[in-house]
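In UniProt numbering, the protein residues as written are 1 to 423. We put the beta carbon where it would ideally sit given N, CA and C, even for glycine. Keep in mind it's a predicted model, so treat the numbers as computed, not measured. Below is one structure, written out as structure tokens, with a few remarks after it.
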């Protein structure tokens, strides 16, 4: 395959991931507004947000098992259809169930993109997988930066959330057109002659099982915090959505310069340092106010920057026989963990707020209270206390990750990477 063809496939892949990330960034920015407009509580909002994470693992795992059979192109055409349907249904949503279904469709589209594009990038850049996966995945935080800035600016000009969601149609149509015109190579595992039996055997490697478990923690740390930061800290600072913009902006820069970092430190070294920084950033976000919140977001962004692509790169480089299925099981595991955690924390957030309000208080009455009233002020103070408590609970995860990645770093030192060849 020519260098020009590889570049076109990579660019189209980045555009498809841009749509995925815009859905996260814009939804994070309008989540609170959807709750007010459709009279939804935090648990309902948590369920809607989690729906995207349900659809993702469903699609990425199924896609991982069929991508070698039907090819990457057909999967990406399916992603385009799901994205288009999900975006349009969101724009014309009328309540809880339409938001639920539309978010599910977008989640399925997002998972299908990852199911096809992760093995595609690993195939066309087989000699530099972790670095190129980081370059590809910089468009995830990049899209969140664009999405949150769109929300911030459009809100200033009084432009409705429906138009903000509609902006995702532009890159969707472009990537759908590009992929329909391009030809695709077989996946790296198929091209190397590794059989399906050898692939399934590799999935039972204890190291792969450990990476699946660690993916639970890295995904929750990065994606739950990013998706809920505006809700959790809105009553702590007037610029909560800009915290997400800063965090993801740091991630874009970090992933753009992943090459020298990964080559100097090794993937396990990068993951260890990332866990330490993520824990420090979450601590500051949960224990600070004012400008220190932005310092926390900066450090947290540096921490979670390399998590997702480096986890995939580690598996692709050290367990290459797991192929597309291995990479996609990793992605599916991460998103599934986030979906469960989001629902649990959404419910916990409601409980914490209720516990800080007068006994017998109706949340519906407080949510509909006039701004500036005593009820509205009490609710604001309750949310101001509850948000950081959720963040502080989540802090436990990167602390545990730090310990495990330190042990993995020692274990992997001096070990040779597995070569991709038929058994």
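Closest residue to residue i among the options (Cα-Cα distance)
| i | options | result |
| --- | --- | --- |
| residue 194 | 322, 40, 335 | 322 |
| residue 82 | 132, 61, 307, 104 | 104 |
| residue 240 | 31, 269, 374, 101 | 31 |
| residue 294 | 316, 317, 244 | 244 |
| residue 80 | 110, 99, 60 | 110 |
| residue 227 | 8, 50, 159, 410 | 50 |
| residue 209 | 330, 78, 59 | 330 |
| residue 401 | 271, 392, 14, 290 | 271 |
| residue 66 | 353, 289, 101, 116 | 116 |
| residue 213 | 335, 372, 69 | 335 |
| residue 356 | 384, 370, 369, 372 | 384 |
| residue 406 | 266, 202, 35 | 266 |
| residue 217 | 11, 403, 414, 413 | 403 |
| residue 393 | 207, 320, 232 | 232 |
| residue 274 | 21, 298, 380, 352 | 298 |
| residue 96 | 63, 39, 64, 387 | 39 |
| residue 318 | 101, 77, 206 | 206 |
| residue 257 | 160, 229, 136 | 136 |
| residue 178 | 296, 146, 21, 16 | 16 |
| residue 386 | 84, 410, 354 | 354 |
| residue 11 | 203, 146, 64, 176 | 176 |
| residue 113 | 380, 332, 350 | 332 |
| residue 381 | 37, 60, 236 | 236 |
| residue 325 | 61, 156, 108 | 61 |
| residue 36 | 78, 119, 85, 94 | 94 |
Boundaries (first-last residue) of the alpha helix (DSSP H) holding residue i
| i | result |
| --- | --- |
| residue 257 | It is not in any alpha helix (DSSP H) - residue 257 carries neither H nor E in the DSSP assignment. |
| residue 408 | 396-412 |
| residue 128 | Unbroken run through residue 128: none, as it is neither H nor E. |
| residue 163 | 161-166 |
| residue 176 | 169-181 |
| residue 148 | 139-156 |
| residue 187 | Where residue 187 is concerned, there is no enclosing alpha helix (DSSP H), given that its DSSP letter is neither H nor E. |
| residue 268 | 267-287 |
Stretch-stretch touch, CB-based, cutoff 8 Å, three pairs: the segment 396-408 with the segment 277-289: Flag = yes, the segment 396-408 and the segment 277-289 touch.
Whole runs of the alpha helix (DSSP H) within the segment 298-374, excluding any shorter than 4 residues: 307-318, 323-355, 363-367
At least three beta-carbon pairs within less than 8 Å, the segment 327-343 to the segment 280-296: No contact exists between the segment 327-343 and the segment 280-296.
Given 8 Å, three or more beta-carbon pairs between the segment 141-149 and the segment 121-129: no
In chain order, each alpha helix (DSSP H) run of at least 4 residues that lies wholly inside the segment 197-227: 206-219
Runs of alpha helix (DSSP H) wholly within the segment 15-100 (minimum 4 residues, chain order): 42-70, 72-91
Cβ contact check for the segment 303-319 and the segment 216-223: 3 or more pairs under 8 Å: yes
Three CB pairs or more closer than 8 Å across the segment 184-191 and the segment 290-305: Touching, no, given that fewer than three Cβ pairs across the two stretches are closer than 8 Å.
The segment 176-185 contacting the segment 69-76, beta-carbon criterion three pairs below 8 Å: yes
Sufficient close CB pairs (3 or more, under 8 Å) joining the segment 40-48 to the segment 345-360: A contact exists between the segment 40-48 and the segment 345-360.
The segment 44-64 touching the segment 166-183, judged by at least three CB pairs closer than 8 Å: no
contact_flag[the segment 147-162, the segment 12-30] where n(CB pairs < 8 Å) is 3 or more: Counting C-beta pairs closer than 8 Å gives three or more between the segment 147-162 and the segment 12-30, which meets the contact rule.
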